[in-house]
Amino acid sequence: MTEQERLAALTQILSDLLGDDSITLAMDTVREDVDGWDSFTYINFIVAVEAEFGVKFRIADVESFPNVGAIVKAIGAAAGR
Amino acid sequence: MLFNSYSFIFGFLPAVLIGFYVLGSRRRDWALLWLTAASLLFYAWWRPINVLLIAPSILINYSLARALEQTGEAKPAFARTILIAGIVFNLCFLGYFKYLNFAESALNDAFGTGFVLTQLILPLGISFITFQKIAFLVDVQAGRVSRFSLADYGLFVLFFPQLIAGPIVHYREMMPQFRAVPCRYDPENVAVGISLFFFGLAKKVILADPMSQLVAPLYARAAAGGAQSMTEAWIAALGFTLQIYFDFSGYSDMALGLARFFGIKLPVNFNSPLQATSIIDFWLRWHVSLTRFLTAYIYNPLTLNLTRKRLAAGKPIFGGRNTSVPAFLNLLAMPTILTMLVSGIWHGAGYTYILWGLLHGVLLCINHAWRLIRPRIWPNAKVYSARMAPVGFLLTFLSVVAAMVMFRAPTLSATLMLWKGMVGAYGVTLPAAVFSRLGPIAGWLSAIGVQPAWTSGSLLLTAVVRIGCLLAIALLMPNTLRMLAAFEPAIGVKPDRTPSRVARLFTWAPDGAWALGLACIALAGILSLGQLSEFLYWQF
Amino acid sequence: MDNGHHFIRTWFVALCALAGLVVALNLLVDPYDVFGTRRIAGLSLLKPGAKNHALLTKTYQEARAHPVTVLIGSSSTHIGIDAAAPEWPGPMRPVYNYGIPGGAGVSMRLDTLREAIFNGPLKNAVVFLDFQDFFSINRPGDGRSEDDRRYHLLPDGRPNPDRALQIANDMFLSLATMGSLVDSLKTIALQRDPTLLNLAPDGSSNEADFSNAFRTDGMHDLFAQKDDYEVERAERLRRSMAGWQGALPDLNVVRAIIALARANHVKLTLVLTPHHADALEIYWRMGLWPRIEQLKTELAGLVAEQGGDVPLWDFLNYDAFNTEGVPAAEDRRTPTQWYWEPSHFKKQLGAIVIQRMFGTDAPRFGAVLTPENVGAVNQLVRDHRQSRVCGHERPALLTSLARPLPDGCAMPAMARGPT
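Protein chains in written order, with my numbering: chain A, 3 to 83; chain B, 5 to 544; chain C, 100 to 518.
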């Protein structure tokens, strides 16, 4: 799976969560850029991502992903382990 | 020592700054040590005994953190034990002081001296410090923090701008700044610092404090079992909401400004919360550093674990708009309410605080549920937010104001009295003096049940004008973060790409006009620090 | 970076300059008459700001006034007695009105008298006593207030060590606070307002607050509002006095006032302040009249015991002045002649009080109490009440008394005598 495909999957997950099909994510997107993507929704998003990709993040990492790209890379790293 | 005192503004602050810049021009570490020592003095000023209490707590936390760091990931079980011991120690520490303080504030109440400042801000010092220490231990255990010395840790905990009323900072956002800061006099930082500090001071002493004098008697009367007419109940509710907002956001601005004098940026704490269009939005704008702390250290770990467990058990998890009711209750409602319960307990020792937290938890859940249900009813998100934003604002505003009554009222029964008053259960009255000036309108008002009463007409007028002005400022004006956005007043604040006309008008710049304006604001703030005691013997 | 530097310099210079302007303005206008800056017509002749800081203002004024006669009392003295009234006999002038609005308590009268004597060259003191002050058992905390720290002497006569600091504090706060700046600006802006409340250098106040209230609300509302307040106070005092045995609590302070005056060769006159019949009737119906009779009896005894050279004037009676009617609620035009409201008499009555005590040809009004006549006076007041209130065709001069008073005091306790 390429990074672009992972990004598309993340976009789909977030769109479902927020009920907003107009969302587009890029590698440098941060949470503040997306309307309604607050800290409460964030954790649900993370778990949904974990379920989708069959990975498990460390809580410390969950706290400190600087942008969407970091999540995409972390999935890659976890899947590669 | 309070920021809004003569001794702080004219004594402590100039002395600390001069010492810091002079030492900083020789050696950075001396300047930082000086800053730590000054912070300790700042803390001791209020009650010197406090230093004897906080110093051991710092040492114990530091030792635990050291042990955690050395254990590392080699012995996770042992590290966990240390972490839990540390958290328990800090919570006991906080519990003990909150309990003592509760007894003190009960005495305060008995002598009628209980004000927001003593009840809320000073005791919060210990609450803020405790949360920061816990966060630090968690961060060390998680490997997010490494390489720290006792001097680093001491400065992080004691740094006086954020010591007694936040914002709640993380080690990982402060320490890189302390390591890099030049410790020299920097005109831009000082100009920004002056502006933030005196904006904050003016908010606190000109906007918030007079409001507190206005609403205090109303809450005292409700506490004594006196029924309030709708007019007075609303003055009490709106007045206190505005008072605490300007009090706390003013204090936060002062903290941002003070830190900036030393070249340090603190995180955002208030971002025009009363303009929020939903409760979720409100909590992302009100006391942001607390929301951030609670989310990171309580809500997220809790939800993450619950969700994973549910997933492992093969039950449906959170699925956006297709979320099942049990999943919603278990994975969102329960952690949210629990987190807000902790928030309530943290704010104060009393049933009203706990219930205030619970109430906000429930409101947040309703908000979340609506977010899940809304797309089924009204699929077009853009049209929905455009049309319904004013409704959302109104609902949020009313909820926040109503909940604030509970935050301020000393007892539950006083809260209920005021709530009943707000919906008109005890009638609607206007001062007779106002009534008699209304002419024919008085007749119509009587017809719908408005009654004259022997309350002060000028007091009502003062209240209405003050509340109106403060509401206009809170709802219409750009906040200090936006005004100074070009100079990053708080961590991560960036200028708007397309500022509105009003925003452009209020955009701060280090020029002569703003210097004059801020001189006026600073003078007004300083002049409002003290007042002659007065006796108002006749108020019509 | 240059910008920042420029900003800081401009800011600092502007701040200092503005602060200097504020201090200069406050010193020039002197809104609380603390500094005694010469009053300038059109700028600072009238002092409306002083009304909420009366104890501050008056303590400084009195020290500058060097009166021969001082008037001691509360707001009714402050408003109702004119220090410049033509009725004052020549040898008693100049007179200073040291009545303190909101100044409750007999001990405050002792403190202000001590201060006036210290400032000299005092020959006469007229101390107006409010009967309500004697019925309050719950003393406020004995901590010294800001106002106490301003006096030259401690209650035991030693120099007050806190004074210098308090004076510095007063000066600083009257020069460099928002409140004083606002009051200075108000003082300037309102000089041309004929309805302005003013505090003259002799401590007397005009009656602007009351006349303004009358003009907008009418006499009825003024009375009704204060009646409500007086009912509340009477109820509080009644509870406080319930079960009180023996002499009234603050009699000792009166004894100290007499002793202080005698030791300093000041001729003292004690006065039981006139009240409107509305107020008297409230206390009567609350069952507190026996306490008022007790007060008169005990004060008369005290004065006699102290040598009998201090006249004790009693104006607590149902007389032609205080039984004047109050206009009906709808009538906002008709004024009253003698009283603004139940516990504040007008200057017209104040003039008669002065004339009665120190002049000749005054209407027969009030009486000098002695142990010999106090019993008869008490009986006379009861008779006057009977004829002027109960026997009256339309006893509704009392505006708010048609409504029931708090439980347990529905009707007069006439039968009971003094305890």
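Think of the CB as a built atom: it goes at the ideal place given N, C-alpha and C, for glycine as much as any other residue.
Quick caveat, the model's predicted, so the values are computed rather than measured.
(request) Specify, as a first and last residue, the run of the beta strand (DSSP E) that residue 196(C) falls within. (result) In the third sequence, residue 196(C) corresponds to position 97, counting from 1. 194 to 198 is the extent of the beta strand (DSSP E) around residue 196(C).
(message) Tell me the rounded alpha-carbon separation between residue 251(B) and residue 364(C).
(response) Residue mapping note: residue 251(B) aligns to position 247 of the second sequence, counting from 1. Residue mapping note: residue 364(C) aligns to position 265 of the third sequence, counting from 1. One C-alpha to the other measures close to 56 Å.
(request) Report yes if the C-beta of residue 452(B) is less than 7 Å from at least one heavy atom of the ligand GTP; otherwise report no. (result) Summarising the ligand content, the structure contains no ligands, and the ligand GTP is consequently not present.
(message) For residue 300(B), would you say it is in contact with chain A, using Cβ-to-Cβ distances shorter than 8 Å as the test?
(response) In the second sequence, the residue the question calls residue 300(B) occupies position 296. Answer yes: the Cβ-Cβ gap between residue 300(B) and chain A drops below 8 Å somewhere.
(message) Need the endpoints of the alpha helix (DSSP H) that residue 204(C) sits in, please.
(response) For the purposes of this step, residue 204(C) is identified with residue 105 of the third sequence, where counting begins at 1. Note, residue 204(C): premise wrong, no alpha helix (DSSP H); not H, not E.
(request) Could you say if the stretch 232 to 243 of chain B and the stretch 134 to 154 of chain B meet the contact criterion of at least three C-beta pairs nearer than 8 Å? (result) no
(message) Run through the DSSP bridge pairs and tell me what residue 223(C) is partnered with.
(response) What you label residue 223(C) is simply residue 124 of the third sequence in a count that begins at 1. Its beta-bridge partners are 168(C), 366(C).
(request) Starting from the C-beta of residue 287(B), find all residues in its chain whose C-beta is less than 6 Å away, skip the five residues before and the five after it, and write them out in chain order. (result) Taking the first residue of the second sequence as position 1, residue 287(B) is located at position 283. Cβ within range, chain order: 295.
(message) Here's a check: name, in chain order, each residue in its chain whose Cβ is nearer than 6 Å to the Cβ of residue 320(B), leaving out the five neighbours to either side.
(response) The count along the second sequence starts at 1 and reaches residue 320(B) at position 316. Taken in chain order, the residues that qualify are 328, 331.
(message) Considering only the alpha carbon of each residue, which of 94(B), 38(B), 260(B) lies closest to residue 20(B)?
(response) For this step, residue 20(B) is matched to residue 16 along the second sequence. Distance check between residue 20(B) and each of 94(B), 38(B), 260(B) places 38(B) closest, using alpha-carbon atoms only.
(request) At 7 Å on the CB atoms, spell out the chain A contacts of residue 379(B), in chain order. (result) Here the question's residue 379(B) lines up with position 375 in the second sequence. Neighbours of residue 379(B) across chain A, judged by C-beta separation under 7 Å: 21.
(request) Take every Cβ of the stretch 166 to 184 of chain C, pair it with every Cβ of the stretch 217 to 224 of chain C, and state whether three or more of those distances are shorter than 8 Å. (result) yes
(message) Tell me the rounded alpha-carbon separation between residue 84(A) and residue 379(B).
(response) Residue 84(A) lies beyond the residue range present for chain A, which begins at 3 and ends at 83; the question has no answer from this structure.
(message) Quick check on residue 54(A): does DSSP put it in helix, strand or coil?
(response) Taking the first residue of the first sequence as 1, we reach residue 54(A) at position 52. DSSP places residue 54(A) in helix when its eight states are reduced to three.
(request) With 8 Å as the threshold, decide whether the Cβ of residue 540(B) is near any Cβ in chain C. (result) Walking along the second sequence from the start, residue 540(B) turns up at place 536. Bear in mind that a pLDDT of 49 at residue 540(B), under 50, signals an unreliable position, so the number given afterwards is only what the model happens to contain. Judged by the 8 Å Cβ criterion, residue 540(B) is in contact with chain C.
(message) Tell me the residue span of the alpha helix (DSSP H) that contains residue 209(B).
(response) Position 205 of the second sequence holds residue 209(B). Here residue 209(B) belongs to no alpha helix (DSSP H), and DSSP marks it neither H nor E.
(message) List, in chain order, every chain C residue whose beta-carbon is nearer than 9 Å to that of residue 228(B).
(response) Stepping through the second sequence from its first residue, residue 228(B) is reached at position 224. None at all; the shortest Cβ gap to chain C is about 13 Å.
(message) Taking the alpha carbon of residue 199(B) as the reference point, which residue from 211(B), 265(B), 446(B), 477(B) has its own alpha carbon closest?
(response) For the purposes of this step, residue 199(B) is identified with residue 195 of the second sequence, where counting begins at 1. Nearest option by C-alpha distance: 265(B).
(message) Going by DSSP in three states, residue 271(B) sits in which element: helix, strand or coil?
(response) To locate residue 271(B), count along the second sequence from 1; it is residue 267. Here DSSP, grouped into helix, strand and coil, assigns residue 271(B) to coil.
(message) Just to make sure I have the definition right: I need the residues of chain C whose C-beta is within less than 7 Å of the C-beta of residue 524(B). Which are they?
(response) For this step, residue 524(B) is matched to residue 520 along the second sequence. Chain C residues near residue 524(B): 117.
(message) Run through chain B and tell me which residues come within less than 7 Å of residue 442(C), C-beta to C-beta.
(response) Here the question's residue 442(C) lines up with position 343 in the third sequence. Correct list: empty, because the minimum Cβ distance to chain B is about 12 Å.
(message) Tell me which residues share the same chain as residue 374(C) and place their Cβ nearer than 7 Å to its Cβ, disregarding the 5 neighbours each side in the sequence.
(response) The count along the third sequence starts at 1 and reaches residue 374(C) at position 275. If we look at residue 374(C) and ignore the five residues flanking it on each side, its Cβ neighbours are 415, 421, 441, 442.
(request) Tell me whether residue 374(C) sits in a helix, a strand or coil according to DSSP, three-state version. (result) By one-based count along the third sequence, residue 374(C) stands at place 275. Note: residue 374(C) maps to coil in three-state DSSP.
(request) Determine the DSSP secondary structure at residue 121(B), reduced to helix, strand or coil. (result) Here residue 121(B) refers to the residue found at position 117 of the second sequence. Caution is warranted here: a pLDDT of 39 is assigned to residue 121(B), below 50, making its placement in the model unreliable, and no coordinate value can be reported.
(message) From the DSSP secondary-structure annotation, give me the bridge partner or partners of residue 432(B).
(response) Taking the second sequence and counting its residues from 1, the one referred to as residue 432(B) is at position 428. According to DSSP, which records beta bridges pairwise, residue 432(B) is partnered with 454(B).
(request) Report the residue ranges of all alpha helix (DSSP H) runs contained in full by the stretch 466 to 534 of chain B; include only those spanning at least 4 residues, in chain order. (result) Listed in chain order, the complete alpha helix (DSSP H) runs (minimum 4 residues) inside the stretch 466 to 534 of chain B are 484 to 487, 505 to 509, 516 to 531.
(request) Find the residues of chain B that neighbour residue 102(C), judging by a C-beta separation of less than 9 Å, and give them in chain order. (result) The residue labelled residue 102(C) in the question sits at position 3 within the third sequence. Residues of chain B passing the Cβ test: 191, 192, 195, 513, 514, 515.
(message) Less than 7 Å between C-beta atoms, sequence neighbours within five positions excluded: which residues of the same chain meet that for residue 42(B)?
(response) Locating residue 42(B) in the second sequence gives position 38, where the first residue counts as 1. These residues qualify, in order along the chain: 20, 164.
(message) For residue 526(B), which residues in the same chain have their Cβ closer than 6 Å to its Cβ, ignoring the five residues on either side in sequence?
(response) By one-based count along the second sequence, residue 526(B) stands at place 522. For residue 526(B), same chain residues with a beta-carbon under 6 Å away, outside a window of 5 residues either side, are 202 in chain order.
(message) Strictly below 7 Å CB to CB, what residues from chain C border residue 537(B)?
(response) Within the second sequence, numbered from 1, the residue matching residue 537(B) stands at position 533. Near residue 537(B) (Cβ distances below 7 Å), the residues of chain C are 245.
(request) Identify the contact partners of residue 62(A) in chain B, using a Cβ-Cβ distance below 9 Å as the criterion. (result) Sequence index remark: in the first sequence, residue 62(A) carries index 60 (1-based). Residues of chain B passing the Cβ test: 142, 143, 145, 146, 147, 148.
(request) Tell me whether residue 425(C) sits in a helix, a strand or coil according to DSSP, three-state version. (result) Within the third sequence, residue 425(C) is the residue found at index 326, counting from 1. Looking at residue 425(C) - three-state DSSP - the assignment turns out to be coil, as it is neither helix nor strand.
(message) For the beta strand (DSSP E) containing residue 350(B), name the first residue and the last one.
(response) Taking the second sequence and counting its residues from 1, one reaches residue 350(B) at position 346. For residue 350(B), there is no enclosing beta strand (DSSP E); the enclosing alpha helix (DSSP H) has its first and last residue at 338 to 351.
(message) Could you tell me the alpha carbon to alpha carbon distance between residue 191(C) and residue 5(B), rounded to whole angstroms?
(response) One-based indexing of the third sequence puts residue 191(C) at position 92. One-based indexing of the second sequence puts residue 5(B) at position 1. C-alpha separation (whole angstroms): 53 Å.
(message) Suppose you measure from the CA of residue 264(C) to the CA of residue 162(B); what does that come to, to the nearest Å?
(response) By one-based count along the third sequence, residue 264(C) stands at place 165. By one-based count along the second sequence, residue 162(B) stands at place 158. Roughly 34 Å separates the two Cα atoms.
(message) 8 Å is my cut-off, CB to CB: does residue 40(A) come that close to chain B?
(response) Locating residue 40(A) in the first sequence gives position 38, where the first residue counts as 1. Yes, its Cβ sits closer than 8 Å to a Cβ of chain B.
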